[in-house]
Amino acid sequence: MDQVKKRNPGEDEFHQAVMEVLESLEPVIERHPEYKKAGILERIVEPERQIMFRVPWLDDKGNVKINRGFRVQFNSAIGPYKGGLRFHPSVYLGIIKFLGFEQVFKNSLPGLPIGGGKGGSDFDPKGKSDNEIMKFCQSFMTELYRHIGPDLDVPAGDIGVGAREIGYLFGQYKRISNSYRAGVLTGKGLNYGGSLARKEATGFGLVYFVREMLSAHNSSLKDKTIVISGAGNVAIYACQKAQEYGAKVIAMSDSKGYIYDKNGIKLDTVKQIKEVERKRINEYINHHPEAEYHEGQKEIWELKCDIALPCATQNDINEESANILINNGVIAIGEGANMPCTNEAIKTFLNNKILLAPAKAANAGGVATSALEMSQNSLRLSWSFEEVNKKLDNIMVNIFKTASDAAAKYGKSENYVAGANIAGFLKIADTMIAQGLV
3 MDQVKKRNPG
13 EDEFHQAVME
23 VLESLEPVIE
33 RHPEYKKAGI
43 LERIVEPERQ
53 IMFRVPWLDD
63 KGNVKINRGF
73 RVQFNSAIGP
83 YKGGLRFHPS
93 VYLGIIKFLG
103 FEQVFKNSLP
113 GLPIGGGKGG
123 SDFDPKGKSD
133 NEIMKFCQSF
143 MTELYRHIGP
153 DLDVPAGDIG
163 VGAREIGYLF
173 GQYKRISNSY
183 RAGVLTGKGL
193 NYGGSLARKE
203 ATGFGLVYFV
213 REMLSAHNSS
223 LKDKTIVISG
233 AGNVAIYACQ
243 KAQEYGAKVI
253 AMSDSKGYIY
263 DKNGIKLDTV
273 KQIKEVERKR
283 INEYINHHPE
293 AEYHEGQKEI
303 WELKCDIALP
313 CATQNDINEE
323 SANILINNGV
333 IAIGEGANMP
343 CTNEAIKTFL
353 NNKILLAPAK
363 AANAGGVATS
373 ALEMSQNSLR
383 LSWSFEEVNK
393 KLDNIMVNIF
403 KTASDAAAKY
413 GKSENYVAGA
423 NIAGFLKIAD
433 TMIAQGLV
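This is the structure in structure tokens:
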């Protein structure tokens, strides 16, 4: 950790992600001196390649705008780099490195041949016209295209990058590269190589993992009260699947505040507001005046619930929020976002025997289905929604079993955070040793 902090000053999110993993790996390193001899820890925390570039574009008024673009290709031991693109004003190199590091372990767990990477820009799509977003995406891809490819690096979407942005990015890649390589991006539209169930995959996969975790402790989602932060793809489809299993979701949020509906969230309304109209979540009370809207994000965790699903962004739940949830009787946490709980919150949950589904495992459904999209592109065919969803369900069942078994093997029984870190690490470490010092 001293070395990581010295080499990466000021990158707090990256430091946090590395610390969480390294603490989990202590019993592994003690049992396997070959990893220490091969310098695996020193190598695995260092990205294979970091790319940063200027993105110039013109707004609708003809003003010159400059953003920064990033792609961190972190680890390619088990396959081509794979990971999303995030467009958000908070993006800087440290955010992309934390996300890329997480992605390495997350991509190891589904058992598919994909390495880890991440990218993005400090560009904010909110308030921009479609024309401005298209111009930005085209400029961004004009540099990025030389660093990606179906067998090299396959980006996807993340915060601020949905089907619209992926479409503009793919169109520019096709134009510049003079080729139609559908497998270069995932999350594409269904008309040009996208996969059914991809939009739903991260949220569905999260609930499948939580279902397995609860089942292992003789419980289920039926009749549970759930609070979800976020109102993007992950949150919306986690809500849908939880409701299908008989749970009652009472709250969702966006970056300004949260809605509380004691009778259960009406998901069709949320989908209309966020997916069609692209408006704020507070519009919900205009359709359902019996519901409540509250400014602020952290306050959502003061609501009494059985299960909390943080699906918004990193460090959504801190130690204070964790204690409030515990005091209100929460029994399980499912991390739908990347690193949504601080390390202090994670320790608080684990010390109080709260079931915790870690992001590396619980939200791996998205990247797993992206890998399935790559397979369909390579085969030049499309699978049905049911086929993809069944494969996703099986993958999440296997991820839970893998994390659970690894935790038990290394004396961390029922600590699925440690289990996911250990299971992901072992596959990568063994492969790195097999491939030599590269």
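Residue numbers (this note's numbering): 3 to 440.
From the three backbone atoms N, C-alpha and C, an ideal C-beta is built for every residue, glycine too.
Within 10 Å of its beta-carbon, does residue i have 16 or more other beta-carbons around it, so buried, or fewer, so exposed?
i      : result
Pro312 : buried
His289 : exposed
Asp318 : buried
Ser110 : buried
Met434 : buried
Ala324 : buried
Met376 : buried
Leu381 : exposed
Met136 : buried
Asp263 : buried
Asn77  : buried
Gly195 : buried
Glu104 : buried
Leu187 : buried
Met3   : exposed
Using beta-carbon positions only, say whether residue i and residue j come within less than 7 angstroms of one another.
i      : j      : result
Ile309 : Ala334 : yes
Ile228 : Val212 : no
Ala373 : Leu114 : yes
Ile401 : Ala366 : yes
Phe206 : Lys99  : no
Gly189 : Ile168 : yes
Asp126 : Pro91  : yes
Gly248 : Gly298 : no
Gly96  : Glu13  : yes
Gly122 : Leu87  : yes
Val57  : Asn65  : no
Pro29  : Gly413 : yes
Ala240 : Val278 : no
In whole angstroms, what separates the C-alpha of residue i from that of residue j?
i      : j      : result
Pro152 : Pro82  : 8 angstroms
Lys67  : Glu388 : 44 angstroms
Met341 : Gly421 : 16 angstroms
Val20  : Gln5   : 11 angstroms
Val236 : Thr204 : 6 angstroms
Met215 : Asp395 : 13 angstroms
Gly331 : Phe55  : 47 angstroms
Glu445 : Leu27  : Any property of residue 445 remains undetermined from this structure, which presents the chain solely from 3 to 440.
Val23  : Gly41  : 16 angstroms
Arg280 : Gln52  : 33 angstroms
Tyr295 : Asp225 : 24 angstroms
Arg9   : Pro49  : 12 angstroms
Ile397 : Gln242 : 19 angstroms
Tyr182 : Lys176 : 6 angstroms
Gly173 : Ala184 : 10 angstroms
Leu269 : Trp303 : 20 angstroms
Glu285 : Gly129 : 17 angstroms
Val390 : Phe89  : 27 angstroms
Leu383 : Gly191 : 14 angstroms
Lys7   : Ser257 : 30 angstroms
Just checking my contact of residue i with residue j at CB under 8 angstroms: how many whole Å lie between their CB atoms?
i      : j      : result
Ala425 : Ala405 : 5 angstroms
Ala314 : Glu337 : Contact flag wrong, Cβ pair sits at about 11 angstroms.
Ser255 : Ala233 : 6 angstroms
Ala253 : Leu327 : Contact flag wrong, Cβ pair sits at about 12 angstroms.
Ile238 : Val272 : 6 angstroms
Ile116 : Ile150 : Not a contact, Cβ separation roughly 14 angstroms.
Val369 : Lys108 : 6 angstroms
Glu321 : Glu346 : 4 angstroms
Val93  : Asp124 : 5 angstroms
Ser415 : Ala409 : 6 angstroms
Val419 : Leu352 : 7 angstroms
Ile287 : Ile275 : About 11 angstroms; that fails the 8 angstroms criterion.
Closest to residue i by C-alpha separation, out of the options, would be which residue?
i      : options                        : result
Gly266 : Gln245, Lys273, Asn345         : Gln245
Leu357 : Asn220, Gln52, Gly298, Gly248  : Asn220
Phe72  : Glu321, Glu145, Asn345         : Glu145
Thr371 : Glu202, Gly96, Val74           : Glu202
Gly119 : Val47, Glu214, Gly173, Ala410  : Val47
Ile178 : Tyr210, Ser141, Arg200         : Ser141
Gln378 : Asp124, His34, Arg200          : Arg200
Thr350 : Ala410, Asn417, Glu134, Arg280 : Asn417
Ser166 : Asn180, Phe138, Tyr182, Ser181 : The sequence shown places Arg at residue 166, not Ser. Among Asn180, Phe138, Tyr182, Ser181, the Cα nearest to that of Arg166 belongs to Phe138.
His34  : Asp62, Gly191, Leu428          : Leu428
Gly159 : Glu134, Val209, Gly129, Lys84  : Lys84
Ile63  : Tyr147, Asn133, Ser217         : It should be noted that the sequence gives Lys, not Ile, for residue 63. Comparing Cα-Cα distances from Lys63 to each of Tyr147, Asn133, Ser217, the minimum goes to Asn133.
Cys307 : Glu104, Met143, Ile275, Leu223 : Leu223
Ala60  : Phe89, Ser131, Gly191          : It should be noted that the sequence gives Leu, not Ala, for residue 60. The residue with the shortest Cα to Cα distance from Leu60 is Ser131.
Ala339 : Lys7, Ala359, Val440           : Ala359
Leu180 : Tyr147, Lys392, Leu192         : The sequence given here has Asn at residue 180, not Leu. Of the candidates Tyr147, Lys392, Leu192, the one whose C-alpha sits nearest the C-alpha of Asn180 is Tyr147.
Does residue i come within less than 7 angstroms of chain C when only Cβ atoms are used?
i     : result
Gly85 : Going by chain labels, chain C is absent from the structure shown, which holds only one protein chain.
Examine the ligand HEM and report whether any of its heavy atoms sits within less than 6 angstroms of the Cβ of residue i.
i      : result
Thr371 : The ligand HEM is not part of this structure, which contains no ligands at all.
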